[in-house]
Amino acid sequence: MRVVHIKNAAQREACLARLCAEAYGQEAGIAPLVTFAGVTGVLFPQEAARLLAMVDDQGHPLALALLALDETGEGMTIMQLADLATETVTAPAMRLVGELALRAPLRVDATDEAQQARFREAGIERWFEGQGGVRIGLSKRHPATGLEDLPRTLTVDEKGVVQSFKRDQAQFEDYKQRFVDGLEAFPTTL
35 MRVVHIKNAA QREACLARLC AEAYGQEAGI APLVTFAGVT GVLFPQEAAR
85 LLAMVDDQGH PLALALLALD ETGEGMTIMQ LADLATETVT APAMRLVGEL
135 ALRAPLRVDA TDEAQQARFR EAGIERWFEG QGGVRIGLSK RHPATGLEDL
185 PRTLTVDEKG VVQSFKRDQA QFEDYKQRFV DGLEAFPTTL
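Residues in the sequence shown are numbered consecutively from 35, following the numbering used here.
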């Protein structure tokens, strides 16, 4: 298995659509489309986000992760993470996190103890108590030493995207079609 940075625009858009669909699930409403539009319309053009995949030896995607840079460009936060249907590999998304934790200045946010335990097993060893009960984990390569020097992560302005959809129906339809097309064009190998 290996980690692949998805740079090809068509593959990246298809993989992002699949990741949003997997991460949010069937009952998510407009949320997957809002994230898809915000990332493809703002974060990717600004080079503020990266899409990575864990692939098997034949190049079949096993897991996907969307990383966003922080304001300083020194650290990366996992925005979304998903296992893809596979019978051959156990917990490929956590294996992807483990590889990233070794190589990158990685930040993860855990919303409960079980999630924190999975991230800890994947190699995220430094933990801090964030707001609202969120536990913030940092890899060894992350330069922050505590919450006080942890830069803000760049994110999607979800409310702004929804407002732009309301103002511009053509833009909404374009992103919706791109999302559907991406799902249909999900690559079998990377």
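Heads up, the beta-carbon is just placed ideally off N, CA and C, and yes, glycines get one too.
So, with DSSP's three-state summary, where would you put Arg46?
It is helical.
Strand pairing of Arg160, partner residues [DSSP]
Leu172
Report the rounded CA-to-CA distance for Leu103 versus Thr122, giving the unit in angstroms.
32 angstroms
Measure the C-alpha to C-alpha separation of Pro185 and Glu108 and round it to an integer number of angstroms.
9 angstroms
Would Val214 be called buried (16 or more neighbouring beta carbons within 10 Å of its own) or exposed?
Classification for Val214: exposed.
If you drop the 5 nearest sequence neighbours on each side, which residues of the same chain put their C-beta closer than 7 angstroms to that of Ala55?
Pro66, Leu217
Out of Val195, Gly194, Gly132, point me to the one whose CA is closest to Leu172's CA.
Among Val195, Gly194, Gly132, the Cα nearest to that of Leu172 belongs to Gly132.
So what's Thr122 in DSSP terms, helix, strand or just coil?
coil
Determine the direct distance from the alpha carbon of Pro177 to that of Arg160, and round the result to whole angstroms.
Cα-Cα distance, rounded: 11 angstroms.
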